[in-house]
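In my numbering, the protein residues as written are 951 to 1179.
Using N, Cα and C, we set each Cβ at its ideal position, and we do this for glycine too.
Here is the structure we will look at.
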Ligand code: CA
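Next comes the structure, spelled out in structure tokens:
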């Protein structure tokens, strides 16, 4: 595994639909969290920071459109891609007209193959390393599909943890990550690791990146954590 797999939040009030989506998403290698209604959805968006939301239009109480609006209005969550599911194509036309900020729309009944393709398109943009893409930053190239790293054209040797760490940093150059966020992403949420372990692996990553010369690209942000560049 290149890094912690993308987490998909499914918001759907119909149990059978929810289970079908969970089954198919897990078969694709994603981790899945489920919400039955808007309140649950907003809670999980805040708690789990999902990488993508599959959102049903027709929900009791708070509609899918309203959830979409709230997620896209919050600077903390607006970058999360939303794929809206709707029962009829007229609804898709309406949701487009409403400019809720949904990233894509799929009409029910949908083909699972098509939905997964749309999902991968969104994740290639927001989680490229986890989707096996090739990333570059300055003179560093990370090929997530081939599991290889180059700097200045020379192959580098990274341990698996350092590779996941670099993948995470290279997906969002300039972003400041806290140690807790890096732990969640690199080790996974369910594993207890001391935050000082991060410092050890960042040290190893820097050493590997500078093995053939070149300056240190991983910045320490005092009192917070780390950033690439
Ligand atoms: Ca529904």
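Nearest-angstrom Cα separation, counted from residue j out to residue i
i: residue 978; j: residue 1065; result: 12 Å
i: residue 1007; j: residue 1013; result: 6 Å
i: residue 1166; j: residue 1100; result: 15 Å
i: residue 963; j: residue 1168; result: 44 Å
i: residue 1108; j: residue 1097; result: 10 Å
i: residue 1105; j: residue 1009; result: 51 Å
i: residue 1179; j: residue 966; result: 46 Å
i: residue 1039; j: residue 1024; result: 28 Å
i: residue 1057; j: residue 1127; result: 37 Å
i: residue 1011; j: residue 987; result: 8 Å
i: residue 1156; j: residue 993; result: 37 Å
i: residue 990; j: residue 968; result: 14 Å
i: residue 976; j: residue 970; result: 10 Å
i: residue 1053; j: residue 1071; result: 10 Å
i: residue 1110; j: residue 1149; result: 16 Å
i: residue 1051; j: residue 1092; result: 31 Å
i: residue 984; j: residue 1078; result: 24 Å
i: residue 915; j: residue 1049; result: In the structure as shown, the chain starts at 951 and stops at 1179, and residue 915 therefore has no counterpart that could be examined.
i: residue 1154; j: residue 1147; result: 11 Å
i: residue 999; j: residue 980; result: 14 Å
i: residue 997; j: residue 1123; result: 24 Å
Inter-residue CB distance, residue i and residue j (contact presumed, cutoff 8 Å)
i: residue 1116; j: residue 1001; result: So it is not a contact: roughly 18 Å between Cβ atoms.
i: residue 1083; j: residue 1094; result: 6 Å
i: residue 1004; j: residue 1063; result: No, residue 1004 and residue 1063 are not in contact; Cβ-Cβ is about 15 Å, not under 8 Å.
i: residue 958; j: residue 995; result: Incorrect: roughly 12 Å between the Cβ atoms, too far for contact.
i: residue 1029; j: residue 1076; result: 7 Å
i: residue 1036; j: residue 1055; result: 7 Å
i: residue 1114; j: residue 1177; result: Residue 1114 to residue 1177, Cβ: 17 Å. No contact.
i: residue 1018; j: residue 1033; result: Going by Cβ atoms, the distance from residue 1018 to residue 1033 rounds to 10 Å, so no, they are not a contact pair.
i: residue 1175; j: residue 1129; result: 5 Å
Per DSSP, the bridge partner or partners of residue i
i: residue 1006; result: 1035
i: residue 1056; result: 1035
i: residue 1093; result: 1084, 1098
i: residue 1176; result: 1127, 1170
i: residue 1106; result: 1099
i: residue 957; result: 981
Residue i, buried or exposed, once every other Cβ within 10 Å from all chains shown has been counted against 16
i: residue 1060; result: exposed
i: residue 1118; result: buried
i: residue 1145; result: exposed
i: residue 1021; result: buried
i: residue 1102; result: exposed
i: residue 952; result: Interpretation of residue 952 is limited by its pLDDT of 44, a score under 50 that renders its predicted location unreliable; the figure taken from the coordinates is listed afterwards. Answer is buried; the Cβ neighbour count reaches 16.
i: residue 1112; result: buried
i: residue 973; result: exposed
i: residue 1121; result: buried
i: residue 1132; result: buried
i: residue 1136; result: buried
i: residue 956; result: buried
i: residue 1170; result: exposed
i: residue 1152; result: buried
Cutoff 9 Å: residue i Cβ touching any chain D Cβ
i: residue 956; result: In the structure shown, chain D does not exist; there is a single protein chain.
Taking 8 Å as the cut-off, does the region 1083 to 1094 touch the region 1035 to 1043 (at least 3 CB pairs, one atom from each stretch)? no
Between the region 1161 to 1169 and the region 1139 to 1151, do three or more beta carbon pairs fall short of 8 Å? no
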